[in-house]
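Residue numbers (the numbering used here): 3 to 250.
No residue lacks a Cβ here, since even glycine has one placed at the ideal position from N, Cα and C.
All figures in this text were calculated on a predicted structure; none of them were measured in a lab.
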Ligand code: PEP
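Structure (structure tokens):
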């Protein structure tokens, strides 16, 4: 059984004043057995890693370039994230796919770069509302998984986050049956593609997870945790989700 993971995505939120929330989170997770990860904006990766020192909180980036160094103004690379204290990096989030035109090919190259730097890649996939309404959700996610994962993927170096685009930041969530259908499907696809390692990969659900709906989502088979946006910004909310995961 892979260890469960509660991952927070702070997106473009957070400053040095966020230290109090992180300190409260670190205190609150002392007794929990699941893994806990926060991915702040790049400016906070190094400070957050030092705030979290001595706790079990892991820190990750929200993106990295596919190259290790070079003339790429404004970008940061996987080795730079690792150097700043990150252990993980989110890749292929739907906001980056939409805002920055990221394709599966690019996400695959970035995932390879993350692995080369020793980072755990949290690779995001998920359908739009139009794609779900057209009955294409499984096809879209299957193609994203096939296109976004490089060779060498293992349960130790990669996590998949299923995030239906229409559920992110909207307060809407798929039905539990829809989440279960997708997670079973992803597990089958990964097991066929990767054999035993495909059964080891953690499959997170993401999209409007809150303390109030977390327990029922975590009871769905093949849901190994969550990628949480808005509700990860406040320690009290994120701790509610983490405790629900620990109890699942
Ligand atoms: C996300 O952006 O990864 C996310 C899941 O956001 P939210 O929890 O706010 O829907």
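Residue 209 has its alpha-carbon roughly 11 Å from the corresponding atom of residue 181. Counting every other CB atom within 10 Å of its CB across the protein chains shown gives residue 5 a total below 16, marking it as exposed.
Secondary structure of residue 17 (DSSP, three-state): coil. Taken through DSSP and simplified to helix, strand or coil, residue 57 comes out as coil. At the C-beta level, residue 227 and residue 7 come within 8 Å of one another. At the C-beta level, residue 51 and residue 80 stay beyond 8 Å of one another. Straight through space, the alpha carbons of residue 82 and residue 225 are spaced by roughly 31 Å. For residue 214, the enclosing alpha helix (DSSP H) stretches over residues 213–220. Comparing C-alpha distances from residue 158 to each of 96, 127, 145, 200 shows the shortest one belongs to 200. By alpha-carbon distance to residue 168, the top candidate from 139, 238, 212, 194 is 139.
Between the alpha carbons of residue 186 and residue 162 lies a distance of about 13 Å.
Counting the other CB atoms within 10 Å of its CB gives residue 236 a total below 16, which places it among the exposed residues.
Look at residue 244 here: in three-state DSSP terms it is helix. In this chain, the beta strand (DSSP E) harbouring residue 10 covers 7–11. Residue 177 sits exposed, since fewer than 16 C-beta atoms from the chains shown fall within 10 Å of its C-beta. In the structure shown, the three-state DSSP call for residue 88 is coil.
Unbroken alpha helix (DSSP H) stretches of 4 residues or longer found wholly inside the segment 107–156: 131–135, 139–150, given in chain order. Closer than 7 Å to some heavy atom of the ligand PEP: that does not describe the Cβ of residue 117. When Cβ pairs closer than 8 Å are counted between the two stretches, the segment 59–72 is seen to touch the segment 88–106, the count reaching three or more.
Beta-bridge partners of residue 37 (DSSP): 7. Straight across, the Cα-Cα distance linking residue 239 with residue 27 is about 10 Å. DSSP places residue 52 within a helical segment (H, G or I) once states are collapsed to three.
By the 16-neighbour rule on beta-carbons within 10 angstroms, residue 37 is buried. Annotation: residue 128 to residue 121 spans about 22 Å, alpha carbon to alpha carbon.
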